[in-house]
Amino acid sequence: MTVAVDLVDATAALVVLLVALVVTARAARLTIVRRRDANIAPLRQKLIALIADEDGDALKEFRDLEPARWKMLEPYVLSLTAKLRGESRGALIALCCERGTLARALAASHAARAARRAVAAEALGTIGTEEAVARLGVLARDHSSFVRAAAVRSLGRSGRSEGVPTLIAALEPDSQVPYRFVAQALLRLGEPSAPSLITALEHPHTKVRERAAEILGLLGAHRAVPALLRAAGKDAPLELRLRALRALGRLGAPEAFTRLCEATARGEDQNLRHIAVQGLGRLGHRGAVPILAAVIVEGPDGLAATAAEGLLALNEAGEAALRELAANGSGMAQLHAQAALVFAHRDQYRQRAAHSLMEASP
Amino acid sequence: MSLILVADDDRDIRDLVVFKLSNAGHEVLAVDDGPSALAAVTERLPEVAILDVSMPGMSGFDVCASLRSEERTAGIPVLLLTAKAQEADVQTGFAAGADDYIVKPFSPRELLSRVEAVLARARR
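As given, the protein sequences belong to chains A and B, one line each in that order. Position 49 (the first sequence) corresponds to 49 in this note's numbering; numbering is contiguous. Position 73 (the second sequence) corresponds to 73 in this note's numbering; numbering is contiguous.
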């Protein structure tokens, strides 16, 4: 009994001690942050004003700042640089290079501790010079997954197309960088990543081809349409066809009409048919009306509902087909058409219902 | 001189925009969230509203849609400030009634010229 009571007391004391430690650590951290913010506040205001003026020469004061104050300000300058584009960004990067920030980040990228290398990667991405991007290429293959992810994110932030080959290599599953990070980095780099992604549609690794197709669609890279059409061919692996067709639908490429129509055929995979039906709705091609109407009649239900939505996207011709099915169709086809029409005109129905209620009320 | 409303939860961006527009001779009303932006327009009607898309609680899209739904504020030109450059996000912005959008990271100079262009269009 006494042993049990002692054990409870000891556990309670331990919990209290832990809570006290956490609270103290947080308070100390908050104090440090507040003190640092108070110290840099006047410099921050001045820096913001100079940046707003986009007067690179006016940054001279910060070039001459004593090292201790610069050390305090440096993380803030880096975070501000990441929010800017154009001349102001260029001026801040030049300032960072002059104050040795780049050299320090390059040195820290060789540190033994992964956390230090990851922080260095973030700084290198913000500075984004050729030298910084080259080093990020090495860090993207670091033995720590934490550092690899930071390097990939930073390559996207650097805004430099020199980082694209590294990112394409990171699309390979054995690169062990989460696909989400790589895709976001390539999307952030934008159109300059399109040529390499188009080349990646021929990559020997199927997973890379699938991912490249998906990113090209998200990127809105219209120049990728011919390559995506090839990737969506009937002889391609199913997953690649799915992603290439989805990308073509997203791009709203009229050239994709035939490929999308082929993929709605009854013998095709259900997911593929679904994506093709969605794509036909997005394309806005009047020729899709009979095909989507046939899908509504043939089902299955999920696919028919998507086809009905697709018809709505085809404006007058699509709506006319839906009205025909709603009036003269049979079974589920009639219900799907009616549901789509009610959805399209819901505001009208809502107003009519409200009006009827008003009239019926005493 | 025009009255411009700026709503962004990022203090650096808010201050930068305020400095840039004030230096160009505009009066700037700065707030850090969506509800404050809507409260501000009930007191004074700005000539342009610059709204950050990703604000906690109420997004720039929501604020824009709210402005458009009120007769008094429906005509305020809206510029969205967004880190989201994907086509779907831009479409969402325009669907909510935005007149233009600026992608973050941004150039203060570009922001000013976009604001001037929106003001010129509104005055025509």
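We put the CB at the ideal spot given by N, CA and C, even for glycine. Small disclaimer: the values here were computed from a predicted structure and weren't measured.
Range of the contiguous beta strand (DSSP E) that encloses residue i
| i | result |
| --- | --- |
| V225/A | Segment 225-231 is the alpha helix (DSSP H) holding V225/A; no beta strand (DSSP E) there. |
| D100/B | 100-103 |
| T82/B | 78-82 |
| L171/A | No beta strand (DSSP E) holds L171/A; DSSP gives it neither H nor E. |
| L182/B | Nothing can be reported for residue 182/B, as the shown portion of chain B is limited to 1 through 124. |
Beta-carbon spacing of residue i, residue j below 8 Å
| i | j | result |
| --- | --- | --- |
| R246/A | A231/A | no |
| I48/A | D9/B | no |
| V295/A | T258/A | no |
| S109/A | R135/A | yes |
| L92/A | L80/A | yes |
| E162/A | E202/A | no |
| R117/A | V147/A | yes |
| L59/A | L102/A | no |
| K104/B | A83/B | yes |
| A253/A | H222/A | yes |
| L5/B | A74/B | no |
| V121/A | S158/A | Residue identity check: residue 121/A is Ala in the sequence provided, not Val. Contact: no. |
| L16/B | P108/B | yes |
| L240/A | T206/A | yes |
| Q152/A | L171/A | Per the sequence shown, the amino acid found at residue 152/A is Val instead of Gln. Not a contact, by the Cβ cut-off of 8 Å. |
| V277/A | A307/A | yes |
| A256/A | L218/A | no |
| A123/A | A105/A | yes |
| G220/A | R188/A | no |
| A337/A | G331/A | no |
| R273/A | L251/A | no |
| H26/B | M55/B | no |
| F61/B | T42/B | no |
| A40/B | V31/B | yes |
Neighbourhood of residue i by C-beta distance below 7 Å, restricted to the same chain and skipping five residues each side
| i | result |
| --- | --- |
| Q334/A | L325, A326 |
| P46/B | L3, I4, L5, L29, I76 |
| K20/B | P108, L111, L112 |
| N271/A | L242 |
| A185/A | V152, R153, L155, G156, L167 |
| E298/A | R266 |
| R114/B | L79, D100, I102 |
| R350/A | none |
| D269/A | L238 |
Own chain partners of residue i with C-beta closer than 6 Å, once the 5 adjacent residues on each side are dropped
| i | result |
| --- | --- |
| A183/A | I215 |
| A339/A | none |
| L311/A | L292, G318, A321, L322 |
| A288/A | L280 |
| A122/B | P77 |
| A132/A | L124 |
| T126/A | L78, T81, A82 |
| E191/A | none |
| A111/A | R117 |
Residues near residue i by beta carbon distance below 8 Å, same chain, minus five either side
| i | result |
| --- | --- |
| E110/B | I102 |
| S59/B | G34, V53 |
| V177/A | A140, S145, R148, A149, V152, A170 |
| G128/A | I93, R157, S158, G159, R160 |
Whole-angstrom C-beta distance between residue j and residue i, which should lie under 8 Å
| i | j | result |
| --- | --- | --- |
| A98/B | L80/B | 5 Å |
| A65/B | D33/B | Not confirmed; about 16 Å, so no contact. |
| G249/A | L260/A | 7 Å |
| A70/A | R44/A | Before going further, note that residue 70/A is Trp rather than Ala in the sequence given. Not confirmed; about 13 Å, so no contact. |
| A37/B | V63/B | 5 Å |
| V396/A | S193/A | The displayed coordinates of chain A run from 1 to 362. Any statement about residue 396/A would go beyond what the structure contains. |
| I40/A | M72/A | 6 Å |
Contact with chain D by residue i, beta-carbon distance below 8 Å
| i | result |
| --- | --- |
| D9/B | Among the protein chains in the structure shown, which are A and B, there is no chain D. |
Residue range of the unbroken alpha helix (DSSP H) whose run includes residue i
| i | result |
| --- | --- |
| A134/A | 130-139 |
| H274/A | 270-283 |
| T206/A | 206-219 |
| V374/A | Residue 374/A cannot be examined here, being either before or after the span of chain A that is shown, 1 to 362. |
| G302/A | 301-313 |
| E262/A | 257-263 |
| M358/A | 346-360 |
| A244/A | 238-251 |
| R365/A | The requested residue 365/A does not occur in the structure, where chain A is confined to residues 1 to 362. |
| L67/B | 60-69 |
| L197/A | 194-200 |
| P108/B | 108-123 |
| L377/A | Summary: the structure shown does not reach residue 377/A, with chain A confined to residues 1 through 362, and so no result is reported for it. |
Which runs of the beta strand (DSSP E) fall wholly inside the segment 22-52 of chain B and span at least 3 residues, in chain order? 27-31, 48-52
Every unbroken alpha helix (DSSP H) within the segment 70-116 of chain A, with a cutoff of 4 residues, ordered by chain: 86-98, 101-108
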